[in-house]
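Have a look at the structure below, then the notes.
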Amino acid sequence: MTLAADVRLRLGTLQLDASLRVTSGEIVAVVGPNGAGKTTLLRALAGLVPLAGGRVELEGRTWEDPSRGLRVPPERRPVGVVFQDRLLFPHLSVVDNVAFGLRAWGMRRRAAHRRAMDWLERVGLAGVARARPRALSGGQAQRVALARALAPAPALLLLDEPLASLDVEARRSIRHQLRTHLDAFRGPCLLVTHDPLDAATLAGRLTVLESGRVTQSGTVEEVTRRPRSDWIAELAGVNLYRGWGREGRVEFGAGAALVAPERVDGEVFAVIRPQAVALHRSRPHGTPRNVWSGQVATVDGRGDRMRVRVDGALPIVAEVTPAAVAELDLGRGGPVWVSVKATEVDLYPV
């Protein structure tokens with residue numbers, strides 16, 4: 400069962416034009432900056448926002464195609480949705496919340512109740528079946544929302560920031576349980592998240608959405624190793640530059656350039672990992688092929704590693720030890736020299 404979607408619509412200032420394909424049993428995380436259109440994309444697939452153009456198709460059955468005047472309403476699409484704010488019905492008990500979708504699809508009350516209880520057993524909440532949603536913790540409510548989405552055996556599962564409203568401990572527990580249930584789900588699944596850890600642990604592939612467009616897609620390793628935008632580079636925690644390659648040298652304008660181990664001619668991206676950046680108070684001597692001066696802009700602590708941003712002709716972030724920060728007295732700012740070995744510069748075409 401494959402989801403093939405070409406979603407085109409305008410909503411306020413957002414112009415969404417995104418295509419994606421998700422196969423059976425595949426979990427794809429949709430990531431991107433705020434306002435990129437991630438939630439709107441999920442709402443369009445669920446039929447809650449009409450398309451202006453494009454098409455949504457699941458296993459050869461067309462759900463929406465404006466060019467043909469075809470649109471299957473939301474209530475007739477076999478879609479399970481988990482929203483960030485869960486949207487449980489406050490006047491219904493937990494078991495009736497889970498049974499709601501089953502009843503909407505025509506299942507008799509007793510059978511719907513039995514299946515709802517079965518799902519509450521699976522998510523470990525059979526003991527609160529008669530409670531109202533207001534009596535639940537955030538983690539419990541999210542598990543109820545997941546059970547409600549999965550109970551009708553949907554063909555497509557859409558998760559919109561399912562862990563965003565939980566505290567750290569609840570996120571860890573629910574993330575593990577969610578992974579177990581997603582592994583058992585046989586249809587395509589789309590997960591919107593802003594958390595790199597959620598994307599890396601729950602999804603097999605990333606789709607990056609920026610300003611309503613898909614800018615990159617691939618496995619977590621593929622996307623983070625060779626990012627194609629500043630936002631993705633920040634997500635991956637690497638330094639990304641765009642310049643012009645010629646005979647093993649990349650020029651960026653204003654006299655800034657890098658030497659790389661490989662020759663890639665034409666417009667290229669250059670990536671440098673912060674861990675590969677060395678800082679010095681005086682100009683270094685020795686093997687590094689790339690040496691330039693700059694000014695310490697910020698020093699931020701991250702556990703046993705410190706990230707130092709250096710401004711200059713080629714701004715860069717270095718990751719060093721607290722001992723190096725103290726030894727070089729980087730906290731006071733001032734001028735520094737940056738060195739990067741040519742072998743640490745990764746080039747690839749734009």
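In the working numbering, each residue carries its 1-based index in the sequence shown increased by 399. Cβ atoms here follow ideal geometry from the backbone N, Cα and C, with glycine treated the same way.
Span of the beta strand (DSSP E), counted from its first residue to its last, around residue i
| i | result |
| --- | --- |
| Thr461 | 460 to 464 |
| Ala669 | 665 to 671 |
| Ala632 | Counting along the chain, Ala632 falls outside any beta strand (DSSP E), though it belongs to the alpha helix (DSSP H) covering 629 to 635. |
| His679 | 677 to 679 |
| Met705 | 704 to 710 |
| Asn638 | 638 to 645 |
| Gly538 | Note, Gly538: premise wrong, no beta strand (DSSP E); alpha helix (DSSP H) at 537 to 549. |
| Arg420 | 413 to 421 |
Exposure of residue i, with buried meaning 16 or more beta-carbon neighbours within 10 Å
| i | result |
| --- | --- |
| Glu463 | buried |
| Asp629 | exposed |
| Asn433 | exposed |
| Thr767 | Absent from the model: residue 767. The displayed extent of the chain is 400 to 749, so no value can be given. |
| Thr623 | buried |
| Pro449 | exposed |
| Asp582 | exposed |
| Gln694 | exposed |
Contact check, residue i vs residue j, beta carbons under 9 angstroms
| i | j | result |
| --- | --- | --- |
| Thr439 | Leu415 | yes |
| Ala435 | Gly500 | no |
| Val613 | Leu487 | no |
| Pro561 | Leu535 | no |
| Arg604 | Val427 | yes |
| Val591 | Ile671 | no |
| Val658 | Arg682 | no |
| Val676 | Val619 | no |
8 angstroms contact criterion, which residue i and residue j should meet: CB distance rounded
| i | j | result |
| --- | --- | --- |
| Leu577 | Leu555 | The Cβ separation is near 17 angstroms, so there is no contact. |
| Phe651 | Gly642 | 4 angstroms |
| Gly453 | Arg407 | 4 angstroms |
| Leu524 | Val543 | 6 angstroms |
Extent of the continuous alpha helix (DSSP H) to which residue i belongs
| i | result |
| --- | --- |
| Leu447 | Looking at the DSSP string, Leu447 is not in any alpha helix (DSSP H), and its letter there is neither H nor E. |
| Arg624 | 619 to 624 |
| Trp518 | 508 to 521 |
| Leu605 | Counting along the chain, Leu605 falls outside any alpha helix (DSSP H), though it belongs to the beta strand (DSSP E) covering 604 to 609. |
| Leu601 | 595 to 601 |
| Ala726 | According to the sequence provided, residue 726 is Glu. The question's Ala does not apply to it. Here the alpha helix (DSSP H) through Glu726 covers 721 to 727. |
Same chain only: Cβ atoms within 8 angstroms of residue i, ignoring 5 sequence neighbours per side
| i | result |
| --- | --- |
| Pro748 | Val663, Gly665, Glu666, Val667, Phe668 |
| Thr686 | Lys740 |
Neighbourhood of residue i by C-beta, 7 angstroms cutoff - its chain only, sequence neighbours within 5 removed
| i | result |
| --- | --- |
| Leu441 | Leu557, Asp559, Leu589, Val591 |
| Pro465 | Leu450, Ala451, Gly452 |
Beta-carbon proximity list for residue i, same chain, < 6 angstroms, skipping 5 on both sides
| i | result |
| --- | --- |
| Val471 | Trp462 |
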